[in-house]
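Per our numbering, the sequence shown starts with residue 1, numbered consecutively.
By construction, the Cβ of each residue, glycine as well, lies at the ideal position given by its N, Cα and C atoms.
This structure is a prediction, so every number in the text was calculated from the model and none was measured.
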Amino acid sequence: MKKIEIITRTEKLEIIKKILVNHNCLGLTVYSVMGCGRQKGHISKAENDDVATNLLPKIYVMTVVKDSELKLIMNDIYNEIGTGTHGDGKVFVSNIEDAMRIRTGECGENAL
Ligand SMILES: Nc1ncnc2c1ncn2[C@@H]1O[C@H](COP(=O)(O)OP(=O)(O)OP(=O)(O)O)[C@@H](O)[C@H]1O
Ligand SMILES: [Mg+2]
């Protein structure tokens, strides 16, 4: 299993939900967050270090998916969310050792 953490523009939430449902990934957790990347929260690249860091509103979507879905989801995120401009966001992927559906005790991918 893989944990996918997506941080991107707030208006992209609906399309992320659509991508995940298309891959039969039905469980997700969403946060409203503030963040910045290399531009320190400014519209274009910061040219020097004395520009103050500004945090911009973003959405953070966390989902745990089957290994077999990871590449397909990453491709769809790139194709459907990317605009080619600064601030499109980032995806972080990590391994998940185990999971359990508390209601039934099912573990591993059966718990997703
Ligand atoms: N290294 C990081 N660690 C944690 N969160 C990050 C990191 N980089 C970006 N983020 C989060 O992702 C959001 C969007 O980042 P952003 O797309 O601006 O990244 P970037 O590296 O500046 O790329 P770009 O040059 O395309 O803008 C940030 O507001 C922040 O919440
Ligand atoms: Mg940026």
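What is the rounded straight-line gap between the Cα of R38 and the Cα of K90? 12 Å
In DSSP terms, what K160 is bridged to: Not covered by the structure: residue 160. The range shown for the chain is 1 to 112.
8 Å contact criterion, which K123 and I73 should meet: CB distance rounded: Outside the modelled stretch of the chain, which goes from 1 to 112, sits residue 123, for which no answer is possible.
Can you tell me the Cα-Cα spacing of G108 and E97, whole angstroms? 8 Å
Below 7 Å, is the gap between the Cβ of G108 and the nearest heavy atom of ligand 1? no
Under a three-way DSSP split, which group does I7 fall into? strand
Work out the CA separation of A52 and N79 for me, nearest whole Å. Across the structure, N79 and A52 are spaced so that their CA atoms are roughly 32 Å apart.
When you measure from the CB of K114 to every non-hydrogen atom of ligand 1, does any distance come out below 7 Å? Absent from the structure is residue 114, since the part of the chain shown begins at 1 and ends at 112.
On the criterion of 16 or more Cβ atoms from any shown chain inside 10 Å, does T10 qualify as buried, or is it exposed? exposed
Please report the straight-line C-alpha distance between I43 and M1, rounded to a whole angstrom. 35 Å
Can you have a look at T85 and say buried or exposed, based on whether 16 or more other CB atoms are within 10 angstroms of its CB? With fewer than 16 other beta carbons inside 10 angstroms of its own, T85 counts as exposed.
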